[in-house]
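Everything below concerns the one structure shown next.
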Amino acid sequence: MLELEHGFRVVDVHTCLTPDAVGTRGRAISPDRLEREMHQAGIVRSIVFPGPNPGRGYVSANNGVARLSVERPFVAFARINGTRSPEHTPTNRLRNVLKQRKEWHTTPSDIEQYAYDDRFHGFTLDPGADGLPDEEVLEKLDEVELPVLIRGSTDAPPSTLADTVLGRSFPVVVAHFGGHPLDQVLMDEMIDLLDRYDNCYLDTSFVRFRDQLERALLEHPDRVLFGSGAPASHPNVAVMEILTLDVSEDKLWRAFSKNACRVIDVLGPNVE
């Protein structure tokens, strides 16, 4: 695709970087190609994290992402998992209370190690694939106060996120406006929750609806962060979807960089 020309400084809070593409699901590309695609789209910094690997843990994948981020415009987030099911049925509530961590589950000490490792600047979590952390892990996340990017979906709808992770001391960035895949009702519910939770933000990855994108930017211009969803979605396409919205230039600046730099300091222009 041709290189985009626009006058905005763009940072991306949602990019998957798989250190080893063998045996992974989805569309994995090399870090060099990912860097080229980001450059084509005018994206100057990108949050990167490993793809899903349920039941095996993420220590090796997190270290691989951190290694591949060196001397590239990438900012590594550590992927974590948990023992709790996001489905709030009576049976699952009981199971969540009784379930013990396995060797591949994230522990409070893991959170502490990642938080004080200068290679990582936050965490990412997919409740549908990896479960939700138990209370001890959540308390440690409260203590370190690094941002958490969490995949909002039909597997972990806004009501579940409100019951488990929202309202805590750490910033929460809900991916896909909380409605993956393409659930407009859930996206609207998530936008509504921004009135209740000051430390909650939304990323635009895989949000293909102008109504929800424009509504969020008009009602909560300080809470929307650009996310491309690369490599599954080409960053050129993701940037163009925001550029064509019927909102002011100031709101575009906020979505493309200002909001993210306020939540995640390392994305600021003085750190490049």
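Per full-length UniProt numbering, the very first residue in the sequence shown carries number 1; after that it's consecutive. We treat Cβ as the ideally placed atom computed from N, Cα and C, and that holds for glycine.
Check, Outcome
"Environment of Val-75 [buried if 16+ CB atoms lie within 10 Å]", "buried"
"Contact check, Val-165 vs Tyr-201, beta carbons under 8 Å", "no"
"Stretch-stretch touch, CB-based, cutoff 8 Å, three pairs: the segment 131-139 with the segment 103-115", "yes"
"Pairwise C-alpha distance: Ala-28 and Thr-18", "6 Å"
"Among Val-11, Val-65, Tyr-116 and Phe-209, nearest to Pro-181 - alpha-carbon criterion", "Phe-209"
"Host alpha helix (DSSP H) of residue 274 (start-end)", "Residue 274 is absent from the structure shown; the chain starts at 1 and stops at 272."
"Span separating the alpha-carbon of Ile-150 from that of Pro-127", "8 Å"
"Residue from Pro-231, Ala-230 and Asp-222 whose Cα sits closest to the Cα of Arg-262", "Asp-222"
"Whole-Å CB distance - Gln-113 paired with Asn-236, under 8 Å assumed", "With a Cβ gap of about 37 Å, Gln-113 and Asn-236 do not count as contacting."
"Leu-94 in three-state terms, based on DSSP", "Model confidence at Leu-94 stands at a pLDDT of 41, short of 50, so the residue's coordinates are unreliable; what they give is reported in the following sentence. Leu-94: helix per DSSP, three-state reduction."
"Outcome for Asn-270 when other beta-carbon atoms lying within 10 angstroms are tallied against a minimum of 16", "exposed"
"Reduced DSSP secondary structure (H/G/I, E/B, other) of Tyr-197", "coil"
"DSSP-derived helix/strand/coil call for Val-165", "coil"
"Opening and closing residue of the alpha helix (DSSP H) in which Asp-32 lies", "31-40"
"Entirely enclosed beta strand (DSSP E) segments - the segment 193-237, minimum 3 residues", "200-203"
"Validate contact between the segment 179-195 and the segment 153-160 using beta carbons, cut 8 Å, 3 pairs", "yes"
"Pair within 8 Å by beta-carbon distance, Phe-77 and Phe-8", "no"
"C-beta contact flag for Arg-168 and Asp-142 at 8 Å", "yes"
"Per-residue burial, Ser-248 [other beta carbons within 10 Å of its own, 16 or more giving buried]", "exposed"
"Cβ-based neighbour list, Ala-230, same chain, cut-off 6 Å, excluding 5 preceding and 5 following", "Thr-15"
"Residue environment, Tyr-58, which counts as buried when at least 16 other CB atoms sit within 10 Å", "buried"
"Environment of Ser-109 [buried if 16+ CB atoms lie within 10 Å]", "exposed"
"Opening and closing residue of the alpha helix (DSSP H) in which Asp-250 lies", "249-253"
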